[in-house]
Amino acid sequence: MEKKMTGADMETRFNPQAIEADLYKAWEEAGAFVAHRVEGRKPFTIVMPPPNITGQLHMGHAMDCILQDAPIRYHRMKGDPTLWLPGTDHAAIATEVKIVEAMQKEGLTKESLGREAFLERAWNWKKEYGGRIVHQQRKMGISCDWSRERFTMDEGCSKAVREVFVRLYEKGLIYRGNRMINWCPACRSAISDAEVVYKDQASHLWHIRYPGADGSEGVVVATTRPETMLGDTGVAVNPADERYTGLVGKKVILPLMNKEIPVVADEYVEMDFGTGAVKMTPAHDPNDFEVAQRHNLEIITVTNDDGTMNENAGRFAGMDPMECRKAVVEELDKLGLLVKVEDYSHNVGFCYRHGDTPVEPRLSEQWFVAMKTLAEPAIAAVREGKTKFVPERFSKQYYNWMENIRDWCISRQLWWGHRIPVWYCDSCGEMTVSREDPACCPKCGGKLRQDEDVLDTWFSSALWPFSTLGWPEQTEDLKYFYPTSMLVTGYDIITFWVSRMITSGIEQMGETPFETVLIHGLVRDELGRKMSKSLGNGVDPLEVIEEYGADALRFSLVMGVSPGNDTRYSRDKVEAARNFANKVWNASRFVLMNVDERKAFDPAALETADKWILSRLQEAIRDVSDHMEDGDFGLAATKIYDFAWSEFCDWYIELSKSRLLGEDGESKETVKAVLLYVLENLLKLLHPFMPFLTEQVYKYLPGSEGFLMLQKWPEIRDDFTFTEDEQKMQGIMEIIRTIRNLRSEMNVAPSKRTRLMLLPAEGWADTLKGGDGYFRRLAGASESLLMGSRNEVAEKTVSAVTAAGELFIPLGDLVDFEKEIARLGKELENLQKEMNRSRGMLANQGFISKAPAQLVQQEKDKLEAAEAKAKALENRIAELKENV
RNA sequence: GGGAUUAUAGCUCAGUUGGUUAGAGCACCACGUUGACAUCGUGGGGGUCAUAGGUUCGAGUCCUACUAAUCCCACCA
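In structure tokens:
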């Protein structure tokens, strides 16, 4: 066996930069991340939300990483066959935009390059940059199975996409239609409803007169988009609106275009908004389109793919919409047809990817998925608890979306992505939808032309939980790991992604893809703002790792975070986490400097302090495990933090010192064995959050073998739970704290040692006797004396009463009787307040009769203890008064 | 317009099914280099849990109203 490092070999500070890369490499090379199927055992599976290949690791990803790696490492240590499957998304639009930008620098355009050459470039780009984020993820220390890494456009996923497309088409759930869609002029593509972001915009409401065709004054319409009037084909009014009854069925003149258009009556129009008359632009407004259908109005598209006005806009052709708006308004004004301009603010839709580009509703021929029938079983699955949202409230967002679902526009006018598997025959007009590329038209043998468009990137993402496991093949992985256990993601993509995965999982696999959907919030900046490129307030996780270590970043992202809530990133938090890592490192260093071999301790030889820390450890194991199961990682991390720092370091290690330096050989052996035992368990509990630190320390532990990440998660041992000893220890701790407090209050120099006299409470004599070493070590006592009665108490002392007994510290002339009496009097006063509260409760019949008996008893005990304490205080005050 | 979340110490946040002196980290004050750690230790100050009602023997926790902030959905030209 390789010689172990000892504590003396360890640096005095934890240096994460020195170990992270090597440890990660060692884990990966040893295959520690690789999942293994074990028949008969239930696996724990997470399929990772695939980051975009264009992406760079940001804080949101970092959060994703830790919130998945923690449960993954936990379950792996629990012994579950554990799979965390990673991968990346081709991100159709996002990637294509980047590649086009890069091409622009070379003076190239998509069109000049042609589809084939463009795709070649795209794939090269993917090869070069697609792995970037994956390497960045490794720096987080995540333990996913890289041997199973997937890409949404790899062969298997592409096969899955075609299979689903064809199946849905054959079921009539995918169709092509000329419908109103959201058009993003920057993407030059259709986008789905979910990709439109509405923002409130200050604008105007223009009132425009459309004169009657018969020379009458006609009608005044109100609009927020005057430029669209070029495509108007009618004016609608409410049938009940008496102002306009005479106009319905007549014609008005569309100004600028000098065209006659009809006035129709439709319920859609609200009488009390604007003028009660609405111009109809069926090609550019979903509502107008519907009205137009009902009244057979003409449909005229007046914009190009890039958003500029087209030839149907007459002399305005070629203008961009804002330019056109200005020109239209000016001309109308000149003609005296602009009646009024009101300030008006309204919601405008913008493209999800091009935040400053307004989306234009537009009539267009696209492919759609009919969602209604698919959504039903997906809604039911969540209702029936087959998939559970954590926190539960997010299921409401899911229902809200799914119950009002509209058909999903899946075609995109892009090149990078899954090309729609539809072919058209130019000879006979036949349309072929096929899993395999057909050579010629199956009907007439004619030449085929494939649909030019690709699929929405979310179409392939929707299949991710099963396409990555091999579907449509019935692979062993698919059979074993599907459905997965958990999905971890932010609340911002419940509609985009989660809902669609559940939908397609049920449709294709017959089973919902996850048992649990764990939703987390956003990582915001220190001021609570969203981190964004435009604000420039993003923090690069890699820089944080470089400075503080991955463990510190990981820990800072979970500590004090509750599920589903946003969290603020702050350097202070990372520093606190780094300090904690260093604390654990040094505690380990201390243990290793004193313990050089692994020995079991003799349960019969355990002292009070040993039993106390073992007992506290059991509670920590229980709490941490419970919180890990619930997905409450914030609480789990806090529990470990408190146990490690406030109990193990602040008390047990300090208590151990007098024994390690003492003469009692058996006590020394016991404390060494317990130190090692508790440390090892602590490292295991901490490992899911701080894998590097804990793994590194584990290497040094005497008798450790293999990786900590593959060791068994601690189990609760009932034989290590010692309730009585916990109480005894608490008594000793209270005395120590009280002495420290007194000394501080009396301004006793820390270096000055003082005698300690103890008058034990009933049943505490032995425990206090055993505490002698601790009092000396931790409370500045030169010696501690147990007294049999009050008579032995020296006069010039300060005193205090604790549950374990009264304590007296002779401080000679430092003691001012008047002041001491006042001090004790104040304490007594506080105590009396507390007793009054307690008595009040116990006098309350409602409390006595309705509260659980155990609580009542607890309150009685509390009162009794307080009364005893008060009595002792009174005695002491009386004694002091005699001496004045 | 519909819905959700948040409001607790100067700051960032915890607070389990209501159980009775409300916790942590950071910041602040005082003291301290006792051989794990100054990325540390000890002690201390600091909150009537946004507001107003209600239910209850008992409310930070449950209900109602109200205020503020954030978010989701819908969207009337």
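Sequential numbering from 1373 applies to the first sequence in my numbering.
Glycine included, each C-beta is placed from N, C-alpha and C at the ideal position.
Might you give, ordered along the chain, the residues of its own chain that have their beta carbon closer than 6 angstroms to the beta carbon of residue i, omitting 5 neighbours on each side?
{"i": "methionine 1743", "result": "Ile1777, Asp1779 and Trp1780"}
{"i": "methionine 1881", "result": "Phe1838"}
Check each candidate in the options and name the one with the smallest Cα separation from residue i.
{"i": "glutamine 1769", "options": "Tyr1863, Arg1940, Phe1386 and Ile1580", "result": "Tyr1863"}
{"i": "lysine 1450", "options": "Ala2244, Glu2254, Thr2139 and Met2081", "result": "Met2081"}
{"i": "glutamate 1589", "options": "Cys1559, Met2129, Glu1500 and Lys1622", "result": "Lys1622"}
{"i": "histidine 1999", "options": "Lys2011, Arg1988 and Gln1990", "result": "Lys2011"}
{"i": "isoleucine 1465", "options": "Pro1837, Leu1786 and Glu1411", "result": "Leu1786"}
{"i": "alanine 2016", "options": "Leu1989, Asp2233 and Asn1610", "result": "Leu1989"}
{"i": "isoleucine 1891", "options": "Asp1897, Gln1880, Thr1939 and Glu1883", "result": "Thr1939"}
{"i": "arginine 1687", "options": "Ser1799, Val1700, Glu1500 and Met1694", "result": "Val1700"}
{"i": "isoleucine 1917", "options": "Lys1414, Lys1511 and Lys2100", "result": "Lys1511"}
{"i": "methionine 2105", "options": "Ile1438, Thr2174 and Lys1397", "result": "Thr2174"}
{"i": "aspartate 2097", "options": "Glu2001, Glu1845, Ser1806 and Ile1985", "result": "Ile1985"}
{"i": "serine 1904", "options": "Cys1556, Gly1727 and Val1568", "result": "Gly1727"}
{"i": "valine 1895", "options": "Val1933, Val1870, Glu1887 and Glu1883", "result": "Val1933"}
{"i": "glutamine 2068", "options": "Gly1513, Arg1487, Leu1480 and Ile1438", "result": "Gly1513"}
{"i": "histidine 1579", "options": "Pro1557, Val1663, Ile1553 and Leu1710", "result": "Leu1710"}
{"i": "glutamine 2204", "options": "Ile2220, Ser1575, Leu2186 and Ala2244", "result": "Ala2244"}
Give the range of the alpha helix (DSSP H) segment to which residue i is assigned.
{"i": "leucine 2227", "result": "2225-2255"}
{"i": "threonine 1829", "result": "1829-1833"}
{"i": "leucine 2114", "result": "2095-2117"}
{"i": "alanine 1489", "result": "1487-1501"}
{"i": "phenylalanine 2147", "result": "2144-2150"}
{"i": "glycine 1528", "result": "1527-1542"}
{"i": "tryptophan 1456", "result": "Per DSSP, tryptophan 1456 belongs to no alpha helix (DSSP H); it is in the beta strand (DSSP E), 1454-1457."}
Tell me which same chain residues have a C-beta within less than 8 angstroms of the C-beta of residue i, skipping the five on either side of it?
{"i": "threonine 1384", "result": "Asn1958 and Arg1961"}
{"i": "threonine 2126", "result": "Arg2115, Val2120, Gly2152, Ala2153, Ser2154, Ile2181, Pro2182 and Leu2183"}
{"i": "asparagine 1719", "result": "Tyr1570, Lys1571, Asp1572 and Gln1573"}
{"i": "leucine 1418", "result": "Residue 1418 is actually isoleucine in this sequence, not leucine. The residues are Gln1440, Pro1443, Ile1444, Leu1455, Trp1456, Leu1457, Thr1856, Ser1857, Met1858, Leu1859 and Val1860."}
Got a sec, what are the start and stop residues for the beta strand (DSSP E) residue i sits in?
{"i": "isoleucine 1553", "result": "1546-1556"}
{"i": "tyrosine 1796", "result": "1794-1797"}
{"i": "tyrosine 2024", "result": "Run containing tyrosine 2024: none; DSSP gives neither H nor E here."}
{"i": "methionine 2129", "result": "2126-2132"}
{"i": "tryptophan 2017", "result": "Neither: tryptophan 2017 is in no beta strand (DSSP E) and is coded neither H nor E."}
{"i": "lysine 1571", "result": "1568-1582"}
Return helix, strand or coil for residue i, following the three-state DSSP convention.
{"i": "valine 1620", "result": "coil"}
{"i": "cysteine 1781", "result": "strand"}
{"i": "serine 2156", "result": "strand"}
{"i": "leucine 2058", "result": "helix"}
{"i": "methionine 2000", "result": "helix"}
{"i": "asparagine 1424", "result": "strand"}
{"i": "serine 2076", "result": "coil"}
{"i": "isoleucine 1514", "result": "coil"}
{"i": "glutamine 2083", "result": "coil"}
{"i": "threonine 2066", "result": "helix"}
{"i": "glycine 1379", "result": "helix"}
{"i": "tryptophan 1773", "result": "helix"}
{"i": "phenylalanine 1416", "result": "strand"}
{"i": "aspartate 2036", "result": "coil"}
{"i": "glycine 2258", "result": "With the chain running from 1373 to 2256 in the structure shown, residue 2258 is simply not present."}
Leaving out five residues before and five after residue i in sequence, what residues of the same chain have Cβ atoms less than 7 angstroms from its Cβ?
{"i": "proline 2086", "result": "Ile1993, Asn2053, Lys2056 and Leu2057"}
{"i": "phenylalanine 1868", "result": "Ala1566 and Trp1830"}
{"i": "glutamate 2206", "result": "Ala2238"}
{"i": "leucine 1841", "result": "Thr1847, Asp1849, Leu1850, Phe1853 and Tyr1854"}
{"i": "lysine 1376", "result": "Tyr2072 and Pro2074"}
{"i": "glutamate 1879", "result": "Leu1746"}
{"i": "lysine 1651", "result": "Val1593, Thr1595, Met1601, Asp1604 and Val1607"}
{"i": "methionine 1373", "result": "Annotation note: pLDDT 44 at methionine 1373 (below 50); position unreliable, no value reported."}
Going along the chain, which unbroken runs of the beta strand (DSSP E) with 3 or more residues stay wholly within the segment 1705-1747?
1710-1723 and 1732-1741
Which ranges would you report for the beta strand (DSSP E) in the segment 1797-1822 if only whole runs of at least 3 residues count?
1803-1805 and 1820-1822
Residue ranges of each beta strand (DSSP E) within the segment 1834-1889, 3 or longer:
1856-1862
What are the uninterrupted segments assigned as alpha helix (DSSP H) that are 4 or more residues long and contained completely in the segment 1924-2008, given in chain order?
1943-1966 and 1980-2002
Which full runs of the beta strand (DSSP E) of 3+ residues lie inside the segment 1613-1677, going along the chain?
1623-1626, 1631-1637 and 1649-1652
What are the start and end residues of each continuous beta strand (DSSP E) run of 3 or more residues lying completely inside the segment 2174-2218, in chain order?
2177-2182
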